[in-house]
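First to last, the sequence lines map onto chains A and B. Start counting the first sequence at 69; every next residue gets the next number (the working numbering). Start counting the second sequence at 61; every next residue gets the next number (the working numbering). From the three backbone atoms N, C-alpha and C, an ideal C-beta is built for every residue, glycine too. To start, the structure under review is shown below, and the notes come after it.
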Amino acid sequence: MSDTLTHSERIEAGLAKRYRAEKRFRLYGIGAIAVAMAFLAIMLAAIGIRGIGAFQQTEVALTVVFDETHIKDNNWQAIVKNSMYKKFPDVTSRQDKRLLTHLMSSGAGFYLQNLYRADPSLAGETRTVWLTASDDVDMLMKGAIDRASLQSERRVSDKEIVWIDSLIADGALELKFNTHFFTGGDSREPELAGIFGAFMGSIFSLAVCFLLSFPLGVMTAIYLEEFAPKNKWTDVIEVNINNLAAVPSIVFGLLGLAVFLNFFMLPRSAPLVGGMVLALMTLPTIIIASRAALRAVPPSIREAAWGMGASSVQTVLHHVLPLAMPGMLTGTIIGMAQALGESAPLLMIGMVAFIVDIPGSFTDPATALPVQIFLWADSPERAFTERTAAAIIVLLVFLVTMNLIAVVLRKKFERRW
Amino acid sequence: MYVTPARRAQKAVEAVIKGILIASSTVAILTTVGIVASLLFESLRFFGEVPLTDFLFGLEWSPQTAMRADQVGSSGSFGAIPLFAGTLLISAIALIIATPIGLFAAIYLAEYAHVSVRNWVKPILEILAGIPTVVYGFFAALVVAPWLRGGGESIGLDVSSESALAAGLVMGVMIIPLISSLSDDVINAVPQTMRDGSFGLGATKSETIRNVVLPAALPGIMGGLLLAASRAIGETMIVVMAAGLASNLTANPLQAVTTVTVQIVTLLTGDQEFDSAKTLAAFALGLMLFFTTLVLNVVALHIVKKYREQYE
Numbered sequence: 069m070s071d072t073l074t075h076s077e078r079i080e081a082g083l084a085k086r087y088r089a090e091k092r093f094r095l096y097g098i099g100a101i102a103v104a105m106a107f108l109a110i111m112l113a114a115i116g117i118r119g120i121g122a123f124q125q126t127e128v129a130l131t132v133v134f135d136e137t138h139i140k141d142n143n144w145q146a147i148v149k150n151s152m153y154k155k156f157p158d159v160t161s162r163q164d165k166r167l168l169t170h171l172m173s174s175g176a177g178f179y180l181q182n183l184y185r186a187d188p189s190l191a192g193e194t195r196t197v198w199l200t201a202s203d204d205v206d207m208l209m210k211g212a213i214d215r216a217s218l219q220s221e222r223r224v225s226d227k228e229i230v231w232i233d234s235l236i237a238d239g240a241l242e243l244k245f246n247t248h249f250f251t252g253g254d255s256r257e258p259e260l261a262g263i264f265g266a267f268m269g270s271i272f273s274l275a276v277c278f279l280l281s282f283p284l285g286v287m288t289a290i291y292l293e294e295f296a297p298k299n300k301w302t303d304v305i306e307v308n309i310n311n312l313a314a315v316p317s318i319v320f321g322l323l324g325l326a327v328f329l330n331f332f333m334l335p336r337s338a339p340l341v342g343g344m345v346l347a348l349m350t351l352p353t354i355i356i357a358s359r360a361a362l363r364a365v366p367p368s369i370r371e372a373a374w375g376m377g378a379s380s381v382q383t384v385l386h387h388v389l390p391l392a393m394p395g396m397l398t399g400t401i402i403g404m405a406q407a408l409g410e411s412a413p414l415l416m417i418g419m420v421a422f423i424v425d426i427p428g429s430f431t432d433p434a435t436a437l438p439v440q441i442f443l444w445a446d447s448p449e450r451a452f453t454e455r456t457a458a459a460i461i462v463l464l465v466f467l468v469t470m471n472l473i474a475v476v477l478r479k480k481f482e483r484r485w
Numbered sequence: 061m062y063v064t065p066a067r068r069a070q071k072a073v074e075a076v077i078k079g080i081l082i083a084s085s086t087v088a089i090l091t092t093v094g095i096v097a098s099l100l101f102e103s104l105r106f107f108g109e110v111p112l113t114d115f116l117f118g119l120e121w122s123p124q125t126a127m128r129a130d131q132v133g134s135s136g137s138f139g140a141i142p143l144f145a146g147t148l149l150i151s152a153i154a155l156i157i158a159t160p161i162g163l164f165a166a167i168y169l170a171e172y173a174h175v176s177v178r179n180w181v182k183p184i185l186e187i188l189a190g191i192p193t194v195v196y197g198f199f200a201a202l203v204v205a206p207w208l209r210g211g212g213e214s215i216g217l218d219v220s221s222e223s224a225l226a227a228g229l230v231m232g233v234m235i236i237p238l239i240s241s242l243s244d245d246v247i248n249a250v251p252q253t254m255r256d257g258s259f260g261l262g263a264t265k266s267e268t269i270r271n272v273v274l275p276a277a278l279p280g281i282m283g284g285l286l287l288a289a290s291r292a293i294g295e296t297m298i299v300v301m302a303a304g305l306a307s308n309l310t311a312n313p314l315q316a317v318t319t320v321t322v323q324i325v326t327l328l329t330g331d332q333e334f335d336s337a338k339t340l341a342a343f344a345l346g347l348m349l350f351f352t353t354l355v356l357n358v359v360a361l362h363i364v365k366k367y368r369e370q371y372e
C-alpha cells in the first residue's frame with residue numbers, strides 16, 4: 069500500500085488548496101463590501117468637492133451714489149455702472165467700459181433697489197456696499213477658470229483679470245458667505261439662483277403628502293391588522309399594497325397627469341397635485357410600516373382591554389394605537405424622506421418649469437428640491453454645476469436629518485415586551 | 061331612563077369608525093384601478109391612431125410630428141423596439157454590476173462578518189438605497205460619464221458622452237443594497253441544521269456556502285434579482301440625466317441609447333396639447349412599463365413567499 073495514498077492522505081493533500089479557496093471566497097465578500105463603500109465615498113466626495121464652493125459668493129465693495137435721476141428712471145444698473153467707472157477712471161473706451169460693467173452681476177441693481185425701498189432716505193446719499201459679482205468673476209476666484217490658460221480659451225479676458233487683481237489688492241473683492249443661495253428663487257443667472265423657491269415647493273408638497281398619506285396609511289393598517297376578516301377581499305388588498313410598493317414612481321406621475329390634471333382639472337405645477345401624487349406613492353410604505361408596528365404590540369394588551377369590557381374599537385384606539393404610534397411615525401418619516409427625494413412623478417405633472425417667484429400657497433406654481441437639482445444639472449454654465457452640487461448637499465442634509473430623527477425615535481420608544 | 065339598548069351611541073359611532081377604516085383601505089385598491097384605467101384608456105386612444113403591431117415591433121422611434129398636417133411623415137413613427145432594447149441594455153449592465161457585489165456582500169455579512177461589523181456595514185450600505193436617484197443621475201452625467209469618456213479616449217475607444225455604460229454602472233450601484241439586503245434575508249432564513257450537516261461531513265465554510273446554503277437560498281435570491289430588475293427597468297432620473305434622447309438600436313454599451321422612461325419624460329414635459337399621438341404614446345409606454353414591472357414583481361414576491369414557507 070506504499071504507492072497509493074490512503075484516504076486521509078488524499079484529503080490532506082487537497083487541504084491546502086481548499087483552505088486557499090476558503091480564503092479567496094472570504095476576500096471576495098470583503099472586496100464586494102469595499103467596492104460598494106468606495107462607490108458611496110467617491111460619490112459623496114465628488115459632490116462635496118464640487119458643491120462646497122457654492123456656499124461662498126464673490127462680492128465687490130463699491131462706493132455707490134444713489135443718484136436721484138436714476139432712481140426716478142428706475143435705472144438701478146446705471147448706478148452700479150457709474151460707480152464702477154468711478155472706481156476705474158482710466159477705462160475710457162466704450163468696449164472696455166462694457167467689459168468692466170460685466171464684472172458685476174445683473175442682480176446688483178436689484179440689491180440697491182431693495183436697499184432704497186427699505187430706506188428711502190438713501191436718495192442722493194453715498195454709501196459703500198458689497199454687491200454680487202458676475203459668475204465669471206466668481207468662477208475665476210474659486211479657481212474654476214484657469215488664469216494660466218490662453219485668453220481665447222477662458223471666459224475672462226486679461227484686462228478683466230487686471231481689474232479683478234486691483235480690486236483684490238484694495239480689499240474690495242472678497243468671497244463672502246452666500247446667503248442669496250438660501251433665500252433666493254431660481255434664476256437664469258447662476259450667481260442669483262437660490263434654492264428657497266424649490267425648498268418651499270418641497271415643503272408644501274410634503275405637507276400635502278403627509279396630511280393625506282399618514283391618516284390613510286394608519287387607518288388602512290388598523291383595518292387590515294385589527295378588524296379585517298381573513299377572506300379573498302383582504303387578500304386582494306394585501307397583494308395590491310405589496311405590488312403598489314414596487315410600481316415605478318414615474319407611473320404614479322402618469323396617474324397624476326391623467327386623473328388629477330386632465331380629469332379633475334387641478335392646476336398644473338402645483339404643490340397640491342405634487343403632494344397628492346407623492347402621497348399615493350408613499351402610502352404602501354406607511355401601511356407596511358404601520359402594520360409591522362401594530363403586529364409588534366403583544367396580544368396580551370388587547371386581551372387585557374377586552375377583559376375590562378372595552379369594545380374592539382376602544383381597545384385599538386385607546387391601547388394598541390398609542391403603543392404602536394412611535395413605530396408608525398418612524399415609518400412615516402422614512403416614507404416622507406423618500407417623497408422628499410423623489411422627482412420623476414413631479415416631472416409628469418409639470419413641477420419642472422422655470423419659476424422665479426417663491427411659492428406662497430399650495431396652488432402656486434412651484435418646483436421641488438430634487439427637480440431643481442435636475443433643472444440646474446442641465447444648465448451649461450460652470451457656476452450652475454457648483455450650485456447643483458450644493459443643492460444636492462442641502463437635500464442630503466435634510467434626508468440625513470429625517471432619517472436620524474427616525475432612528476432616534478425608534479431607539480427612544482423601542483420596547484421589549 | 062335615557063340609556064336604552066336602542067339608544068346606545070357607542071355602537072353607531074363604532075360602526076361609523078369601522079366604515080371609515082374600510083373606506084381608507086380601499087384607497088390602495090383605487091390607486092391601482094386608477095393607474096390601470098388611466099393607462100389603458102389613453103393607450104387605447106393611442107392605438108386608435110397607431111396600430112399596436114407598429115408600436116410593438118417597429119424598429120424606428122421618432123415621435124416628432126411635423127408642423128403641418130399635410131407634410132410627409134406628419135404622424136411620426138412609433139416603433140418601440142429601440143426603447144425596449146435600450147432599457148434592457150442599461151438594466152442588464154446594472155444587474156451585471158450589482159449582482160456579484162450585492163450577493164458577495166450579503167454572503168459575507170450573513171456568514172462571515174462579526175455582529176459588530178454587520179451592525180456598521182449594513183446601515184452604510186442602506187445609505188446607498190436612501191440617496192435620491194436625481195443625485196445618482198448627477199453623478200452619472202457629470203462625473204462618471206466624463207471619466208469613462210476620458211478613459212476610453214486614452215485607450216483609443218470612442219465612448220459616447222451619454223453612454224449606456226455610465227447610466228448602467230451608476231444604476232448598478234443604486235441597486236446593490238436592494239440585492240444585498242434581500243439576499244441577506246434569504247441566506248439567514250436557511251436553517252442552521254443544514255450548515256451543521258455540511259460541516260459535520262468536513263466541508264469548509266465556503267464549500268458549505270457554495271454547495272448547501274446558496275442552492276437552498278437560490279429561489280429567494282432569484283426573487284430578489286427579479287425585484288432588482290424591475291427596479292432597474294422603472295428607474296427614471298438616472299437615465300433621463302445620463303442616457304441619450306435619440307433612439308439607437310445597438311448592443312454596444314459605449315454608445316448612447318434611450319429608454320422607455322426617458323421617452324415618457326421627454327414626451328410629457330413641456331407644454332403641448334394632450335390629444336396628439338406624441339403625448340398619448342407616453343401612456344402606451346407607461347402601460348408597457350407598468351405591466352412588465354407588475355409581472356416581475358408578482359413572480360418575485362410569489363417566489364420569495366414560497367421560499368419562506370418552505371423553511372418555516
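Under a three-way DSSP split, which group does residue i fall into?
i	result
B:GLN315	coil
B:PHE138	strand
A:MET69	With a pLDDT of 46 at A:MET69, under the threshold of 50, the modelled position of that residue is not reliable, and no figure is offered here.
A:ARG483	coil
B:SER122	strand
A:PHE496	The structure shown does not extend to residue 496 of chain A, since chain A spans only 69 to 485, so no value can be given for it.
A:SER151	helix
B:LEU81	helix
A:MET419	coil
Straight-line CA distance for residue i to residue j?
i	j	result
A:GLY262	B:MET254	59 Å
A:PHE481	B:PHE259	41 Å
A:SER368	B:GLY284	36 Å
A:PHE245	A:ALA176	16 Å
A:MET69	A:ARG94	Below a pLDDT of 50, predicted positions are generally treated as unreliable, and A:MET69, at 46, falls in that range; no measurement from the model is reported.
A:GLU242	B:LEU356	57 Å
A:LEU168	A:SER151	11 Å
A:GLU228	B:LEU202	29 Å
A:ILE473	A:PHE272	20 Å
A:PRO198	B:ARG209	Looking at the sequence itself, residue 198 of chain A is Trp, so the reference to Pro does not match. The alpha-carbon atoms of A:TRP198 and B:ARG209 are separated by roughly 42 Å.
A:LEU408	A:VAL341	14 Å
A:LEU325	A:ILE417	5 Å
A:ILE426	A:ARG256	15 Å
A:GLU449	A:ALA458	15 Å
B:VAL364	A:SER317	23 Å
B:ALA83	B:LEU349	29 Å
Below 8 Å on the Cβ atoms is my contact criterion, and I expect residue i with residue j to pass it. Report the Cβ-Cβ distance as a whole number of Å.
i	j	result
A:ALA275	A:GLY377	That pair is no contact at about 40 Å.
A:LEU415	A:GLY265	The pair is not a contact, with the Cβ atoms about 17 Å apart (cut-off 8 Å).
A:LEU463	A:LEU437	5 Å
B:ALA337	B:VAL110	6 Å
B:GLY304	B:ALA292	Not confirmed; about 17 Å, so no contact.
B:LEU229	B:ILE161	The Cβ separation is near 11 Å, so there is no contact.
With distances taken Cα to Cα, identify the nearest neighbour of residue i among the options.
i	options	result
B:GLY190	A:MET404, A:THR131, A:GLY395, A:PRO413	A:MET404
B:LYS182	B:LEU238, B:LEU149, B:VAL358	B:LEU238
B:LEU314	B:GLU213, B:THR113, B:ALA289, B:GLY118	B:GLU213
A:ARG222	A:PHE282, A:ALA237, A:VAL205	A:VAL205
A:ILE460	A:ASP432, A:GLY418, A:GLU410, A:ILE417	A:GLU410
B:ASP244	B:PHE351, B:GLY118, B:PHE164	B:PHE164
B:LEU148	B:ASN308, B:LEU361, B:VAL364	B:ASN308
B:THR92	B:LEU354, B:GLY228, B:LEU286, B:ALA140	B:LEU354
B:ALA277	B:SER266, B:PRO251, B:THR319	B:PRO251
Are residue i and residue j closer than 8 Å when you measure CB to CB?
i	j	result
A:MET396	A:ALA361	yes
A:PHE295	B:LEU90	no
A:GLY252	A:MET419	no
B:ALA88	A:ILE309	yes
A:SER173	A:ALA201	yes
B:THR319	B:VAL299	yes
Mind checking whether the beta-carbon of residue i lies closer than 7 Å to any heavy atom of the ligand MN?
i	result
A:PHE123	With respect to the ligand MN, the structure offers nothing, as it holds no ligand at all.
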